[in-house]
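Chemist: Position 52 (the sequence shown) corresponds to 52 in UniProt numbering; numbering is contiguous. Just so it is clear, CB atoms sit at the ideal spot from N, CA and C, and this is done for glycine as well. As the structure is a computational prediction, the values presented were derived from the model and not from experiment.
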Amino acid sequence: MTADGSWVSLFSGGKDSSWALYQALERDLDVSRLVTVHPENDSYMYHVPATHLTGLAAESIGIELVDVHPADFEAETATDSGAQGDAELEPLEAALEELDAALPGGIAGVTAGAVESEYQTSRIEAMCDRLDCELFAPLWQEDPRELGDAMLDAGFEIVILQVAADGLDESWLGRTLDHDALDDLEALHDEYGVHILGEGGEFETFVVDGPHMNHRIDLEYDTVWEGTRGHVEITNTELE
Numbered sequence: 001m002t003a004d005g006s007w008v009s010l011f012s013g014g015k016d017s018s019w020a021l022y023q024a025l026e027r028d029l030d031v032s033r034l035v036t037v038h039p040e041n042d043s044y045m046y047h048v049p050a051t052h053l054t055g056l057a058a059e060s061i062g063i064e065l066v067d068v069h070p071a072d073f074e075a076e077t078a079t080d081s082g083a084q085g086d087a088e089l090e091p092l093e094a095a096l097e098e099l100d101a102a103l104p105g106g107i108a109g110v111t112a113g114a115v116e117s118e119y120q121t122s123r124i125e126a127m128c129d130r131l132d133c134e135l136f137a138p139l140w141q142e143d144p145r146e147l148g149d150a151m152l153d154a155g156f157e158i159v160i161l162q163v164a165a166d167g168l169d170e171s172w173l174g175r176t177l178d179h180d181a182l183d184d185l186e187a188l189h190d191e192y193g194v195h196i197l198g199e200g201g202e203f204e205t206f207v208v209d210g211p212h213m214n215h216r217i218d219l220e221y222d223t224v225w226e227g228t229r230g231h232v233e234i235t236n237t238e239l240e
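So this is what it looks like as structure tokens:
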């Protein structure tokens with residue numbers, strides 16, 4: 001790694017990784033690659049729903065995407081969340097090592113959208129230390145409501161793809177995360193402990209438009225409700 005190297009954004013298409021990318025671009029960091037890990041099942045480390053949409057998002061943003069498709073996320077001890085998190089990180093680190101060797105000047109730094117998860121952030125920090133590159137995590141330890149308002153004020157259009165928490169019913173699937181929704185999430189935080197930005201996996205999102213994107217992404221979908229949790233099934237997408 002050298003100071004003249006390129007930046008890489010860990011990118012799921014959700015609001016947090018998109019905001020980290022946007023903040024990096026606003027600071028004129030040379031982001032030359034987006035990297036998406038595509039978990040096959042639930043994951044301790046990664047955003048799971050609709051990661052196949054990141055290709056369209058990358059096309060709209062205009063930055064090349066690198067897809068990582070791990071064959072297996074299972075740690076040797078499936079009940080050990082620490083071991084599983086370490087195992088899940090391995091294919092990402094291997095992909096970044098390949099990029100570090102391939103990019104002129106190597107990787108100067110990595111962006112990440114963590115807000116409060118010590119579990120994720122500590123592992124990403126350790127990975128960056130091993131890669132000898134910087135970590136840019138502009139959401140880390142920031143006030144969740146202020147972050148949500150900042151995203152909306154910047155022009156982010158955010159759609160909720162999945163919910164899995166008390167207080168979040170089927171009506172939230174496909175809902176636009178606007179200021180009214182943030183008000184409702186604050187109330188649910190007070191009543192049920194729901195994180196305003198869904199940091200604990202209470203809900204997952206996708207950014208369909210923003211100031212860093214050249215074209216809005218139109219989504220068509222059906223909703224699937226399973227009694228206490230649900231998600232949207234994407235049926236069609238296109239760049240407007």
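(1) Determine, using beta carbons only, whether F206 and G55 come nearer to each other than 7 angstroms.
(2) Is P70 closer than 7 angstroms to P104 when the C-beta atoms are compared?
(3) Output the distance between the C-alpha atoms of residue 243 and E125, rounded to the nearest integer angstrom.
(4) Quick one: measure Cβ to Cβ for A112 and L10, integer angstroms, because I've assumed they're closer than 8 angstroms.
(5) Is it right to say P138 is buried, meaning 16 or more other beta carbons lie within 10 angstroms of its own, or is it exposed?
(6) Return yes when the Cβ of V232 is within less than 7 angstroms of the Cβ of Y221, no when it is not.
(7) Once DSSP output is grouped into helix, strand and coil, what is the label at A165?
(8) Return helix, strand or coil for H231, following the three-state DSSP convention.
(9) E88 by DSSP, collapsed to three states: which one?
(10) Taking R130 as the reference, which of L96, E142, V37, S171 has the closest Cα?
(11) Quick one: what does DSSP say L65 is sitting in, helix, strand or coil?
(12) In this structure, does DSSP put T223 in helix, strand or coil?
(13) What span of residues does the alpha helix (DSSP H) with T121 cover, start to end?
(14) Rounded to the nearest angstrom, how far is the Cβ of A165 from that of V194, given a contact under 8 angstroms?
(15) R145 to E186, Cα distance in whole Å?
(16) Compute the Euclidean distance between the alpha carbons of F136 and S171, then round it to the nearest angstrom.
(17) Could you give the first and the last residue of the continuous alpha helix (DSSP H) run that contains W19?
(18) Helix or strand or just coil, what does DSSP make of D100?
(19) Please work out which residues of its chain come closer than 6 angstroms, Cβ to Cβ, to W225, disregarding the five sequence neighbours upstream and downstream, and give them in chain order.
(20) Quick check on T228: buried or exposed, where buried means 16 or more other Cβ atoms within 10 Å of its Cβ?
(21) Here's the rule: buried if 16 or more other CB atoms are within 10 angstroms of the residue's CB, otherwise exposed. What is T36?
(22) State yes or no: is the C-beta of V110 within less than 7 angstroms of the C-beta of V8?
(23) Would A93 pass as a contact of M127 if the rule is Cβ separation under 7 angstroms?
(24) Rounded to the nearest angstrom, what separates G210 and G230 at their Cα positions?
Modeler: For this structure:
(1) Cβ distance not < 7 angstroms, so F206 and G55 don't count as in contact.
(2) Going by C-beta atoms, P104 is not nearer than 7 angstroms to P70.
(3) What the structure shows of the chain is the stretch from 1 to 240, and residue 243 is not part of that stretch, so it cannot be assessed.
(4) Going by Cβ atoms, the distance from A112 to L10 rounds to 5 angstroms, so yes, they are a contact pair.
(5) So P138 counts as buried.
(6) With contacts defined as CB atoms closer than 7 angstroms, Y221 and V232 qualify as a contacting pair.
(7) Coil, per DSSP.
(8) Under the three-state reduction of DSSP output, H231 falls in the strand class.
(9) In this structure, E88 counts as helix in the three-state DSSP scheme.
(10) It is L96.
(11) It is a strand residue.
(12) Here T223 sits in strand by DSSP.
(13) From DSSP, the alpha helix (DSSP H) with T121 extends over 118-131.
(14) The C-beta separation of A165 from V194 comes to about 5 angstroms, placing the pair in contact by the 8 angstroms criterion.
(15) Distance between the alpha carbons of R145 and E186 is about 8 angstroms.
(16) Rounded to whole angstroms, F136 to S171 spans 35 angstroms at the Cα level.
(17) Counting along the chain, the alpha helix (DSSP H) containing W19 begins and ends at 15-26.
(18) Here D100 carries a helix assignment [DSSP, helix/strand/coil].
(19) Closer than 6 angstroms at Cβ, skipping near neighbours: E170.
(20) Exposed, because fewer than 16 other Cβ atoms sit within 10 Å of the Cβ of T228.
(21) T36 is buried by the Cβ-count criterion.
(22) In contact: V110 and V8 (Cβ atoms closer than 7 angstroms).
(23) Strictly speaking, residue 93 in this sequence is Glu, with Ala absent from that position. Between E93 and M127, the C-beta gap is smaller than 7 angstroms, which places the two residues in contact.
(24) C-alpha separation (whole angstroms): 26 angstroms.
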